[in-house]
Amino acid sequence: MAEIEFDDFMKVDVRVGTVIRAEPFPEARKPAIKLWIDFGGDIGERKTSAQITAHYEPEALVGRQVMAVVNFPPRQIGPFMSEVLVLGLPDASGEIVLLSPDRPVPDGGRMH
């Protein structure tokens, strides 16, 4: 993998937000969940879809803090406009496990 400069890393705006709404996304090509996330302050509420159905049910995600890239341009995912990219890691089976802080932090906090 190519090395990057620190300034390149700083261009990626990764923030913490709290899921305030989550719904199944049956129209998606692969099983997914629609998320509405509150990043507080200047960013506010943003929405996205995530292929996380192997480990998560929509109702269990409400109130959970997640990490997301907030400065990508919006992307159309079927009939839904995704505004952020929620971050996760693959488990041993390749299913996504969400990244989140290990204790509550203020919404909108930027990853260092």
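Per UniProt numbering, the sequence shown starts with residue 1, numbered consecutively. By construction, the Cβ of each residue, glycine as well, lies at the ideal position given by its N, Cα and C atoms.
So the beta strand (DSSP E) residue i belongs to, where does it begin and stop?
| i | result |
| --- | --- |
| Pro90 | 88-90 |
| Ala32 | Where Ala32 is concerned, there is no enclosing beta strand (DSSP E), given that its DSSP letter is neither H nor E. |
| Ala68 | 65-69 |
| Met81 | 80-82 |
I need the boundaries of the alpha helix (DSSP H) containing residue i, first residue and last residue.
| i | result |
| --- | --- |
| Pro24 | Element bounds for Pro24: not the alpha helix (DSSP H) but the beta strand (DSSP E), 14-24. |
| Asp8 | 6-10 |
Give me, in chain order, the residues of the same chain whose beta-carbon lies closer than 7 Å to that of residue i; leave out the 5 immediate sequence neighbours on both sides.
| i | result |
| --- | --- |
| Phe25 | Ala32, Ile33, Lys34, Ser49, Phe80 |
| Arg58 | It is worth fixing the name first, because residue 58 is Pro in this sequence and not Arg. Here the set comprises Ala22, Glu23, Pro24, Ile33. |
| Arg46 | Ile37, Phe39, Val70, Glu83, Val84 |
Spatial neighbours of residue i within its chain, please: C-beta separation below 6 Å, excluding the five flanking residues on both sides.
| i | result |
| --- | --- |
| Pro74 | Met81, Glu83 |
In the structure shown, what three-state DSSP assignment does residue i receive?
| i | result |
| --- | --- |
| Leu98 | strand |
| Glu59 | helix |
| residue 176 | Because the chain spans 1 through 112 in this model, residue 176 falls outside it and cannot be assessed. |
| Glu45 | strand |
| Arg75 | strand |
| Arg103 | coil |
Can you list, in chain order, the residues of its chain whose CB lies under 8 Å from that of residue i, leaving out five sequence neighbours each side?
| i | result |
| --- | --- |
| Ile96 | Ala50, Gln51, Ile52, Ala54, His55, Gly88, Leu89, Pro90 |
| Ile43 | Arg15, Gly17, Val70, Gly108 |
| Val105 | Val16, Gln65 |
Hey, would you say residue i sits closer than 7 Å to residue j, going by beta carbons?
| i | j | result |
| --- | --- | --- |
| Pro101 | Gln76 | no |
| Val14 | Val86 | no |
| Asp38 | Ile20 | yes |
| Ala28 | Gly78 | yes |
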